[in-house]
Amino acid sequence: MSERAVLEVIALDAEDAIAARAGGADRLELVTDMAADGLTPPVPVFTAIRAAVDIPLRVMVRLADGFAAGDLDRLARVARQLRAAGAEEFVLGFLDTDGQADVDAVERVVAELAGCRWTFHRALDHAADRDAVRKQLADLPGLDTYLTAGSPAGVDEGLPTLLTEASRGGDQQLLVGGGLRLDHVPALREAGVTAFHIGGAARPGGWQKPVSAEAVRKWRHVLDRG
Numbered sequence: 175m176s177e178r179a180v181l182e183v184i185a186l187d188a189e190d191a192i193a194a195r196a197g198g199a200d201r202l203e204l205v206t207d208m209a210a211d212g213l214t215p216p217v218p219v220f221t222a223i224r225a226a227v228d229i230p231l232r233v234m235v236r237l238a239d240g241f242a243a244g245d246l247d248r249l250a251r252v253a254r255q256l257r258a259a260g261a262e263e264f265v266l267g268f269l270d271t272d273g274q275a276d277v278d279a280v281e282r283v284v285a286e287l288a289g290c291r292w293t294f295h296r297a298l299d300h301a302a303d304r305d306a307v308r309k310q311l312a313d314l315p316g317l318d319t320y321l322t323a324g325s326p327a328g329v330d331e332g333l334p335t336l337l338t339e340a341s342r343g344g345d346q347q348l349l350v351g352g353g354l355r356l357d358h359v360p361a362l363r364e365a366g367v368t369a370f371h372i373g374g375a376a377r378p379g380g381w382q383k384p385v386s387a388e389a390v391r392k393w394r395h396v397l398d399r400g
């Protein structure tokens, strides 16, 4: 039997979290402001979601649209506040102007996480050299996941890259998301991908509507058929 796939769902609030959990999500990515592709949620939103569900939560550390780190002092402060509020898993990723990993910024945030697990998000898809970014980050504590579509344009364009990278294996889990559809799943599962990330796919009514437990349940069913 193939390994059970992880299903991660984007949640904006406790209502989303409860519906995602009911539909079979294994983990949530917590963000706000999807118009900017997901920024750090306020601490009270995190605490409300933590009180509402008992599954792992990965909290975004990102203060502005794009992949520049911006104010490092503020980033560090936000990470510190989330840790103090009980956050134990995180999502982050910063690039410099040359499209390389902004290691200084990443290290500054990671230093606040005290060994917590974290995902390097789709900044990877916008990097000048994906393999070079992985080498830059390889020794950072807590990094266990890369969220990627294989391409800035999404999974449709990035599928060949994802299949190649899945075949290589590695120390970090490949979490596939970004224009991901159910029809992508069989090839990805066959290649060994064991983690999937959905946002809009969990919201048939669009981002102004809450997560649909039924939509999440459909993904859970397909992934469990493996």
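Position 210, counted from 1, in the sequence shown is what my numbering calls 384; the numbers after and before it change by one each time, with no gaps. Note that beta-carbon positions come from the ideal geometry of N, C-alpha and C, so glycine has one too.
If I follow the unbroken beta strand (DSSP E) through Asp318, where does it start and stop?
Along the sequence shown, one-based indexing puts residue 318 at 144. First-last of the beta strand (DSSP E) with Asp318: 317 to 322.
Backbone CA spacing between Arg232 and Val183 [nearest angstrom]:
Along the sequence shown, one-based indexing puts residue 232 at 58. Along the sequence shown, one-based indexing puts residue 183 at 9. Distance between the alpha carbons of Arg232 and Val183 is about 10 Å.
Runs of alpha helix (DSSP H) wholly within the region 197 to 266 (minimum 4 residues, chain order):
217 to 226, 246 to 258
Hey, Val329 and His371: beta-carbon distance below 8 Å or not?
As a first step, residue 329 is located in the sequence shown; it is residue number 155 there, counting from the start. As a first step, residue 371 is located in the sequence shown; it is residue number 197 there, counting from the start. Not closer than 8 Å, so no.
Taking the straight line between their C-alpha atoms, what separation do you get for Arg355 and Ala340?
Walking along the sequence shown from the start, residue 355 turns up at place 181. Walking along the sequence shown from the start, residue 340 turns up at place 166. Each residue's alpha carbon lies about 18 Å from the other.
Hey, is the region 341 to 353 in contact with the region 311 to 327, meaning 3+ C-beta pairs nearer than 8 Å?
yes
Relative to the C-alpha of Pro384, which residue among Leu237, Gln346, Gly197 is closest?
Here residue 384 corresponds to residue number 210 of the sequence shown, with the count starting at 1. Nearest option by C-alpha distance: Gly197.
Where Ala279 and Val235 are concerned, what is the direct C-alpha to C-alpha distance, given to the nearest angstrom?
The residue labelled residue 279 in the question sits at position 105 within the sequence shown. The residue labelled residue 235 in the question sits at position 61 within the sequence shown. Distance between the alpha carbons of Ala279 and Val235: 11 Å.
As a quick exercise: from Asp272, Leu256, Ala301, pick the residue whose alpha carbon is nearest that of Leu287.
Within the sequence shown, numbered from 1, the residue matching residue 287 stands at position 113. The option with the nearest alpha carbon to Leu287 is Leu256.
Consult DSSP for Ala185 and reduce its assignment to one of helix, strand or coil.
Here residue 185 refers to the residue found at position 11 when the sequence shown is read from its first residue. Ala185 falls in the strand class under three-state DSSP.
Measure from the alpha carbon of Val284 to the alpha carbon of each residue in Asp239, Leu249, Arg377, then state which is nearest.
Walking along the sequence shown from the start, residue 284 turns up at place 110. Nearest of Asp239, Leu249, Arg377 to Val284, Cα basis: Leu249.
Three-way DSSP call (helix, strand, coil) for Val350 in this model
Here residue 350 refers to the residue found at position 176 of the sequence shown. Three-state result, Val350: strand.
Taking only three categories from DSSP, how would you classify Thr368?
What you label residue 368 is simply residue 194 of the sequence shown in a count that begins at 1. Thr368: coil per DSSP, three-state reduction.
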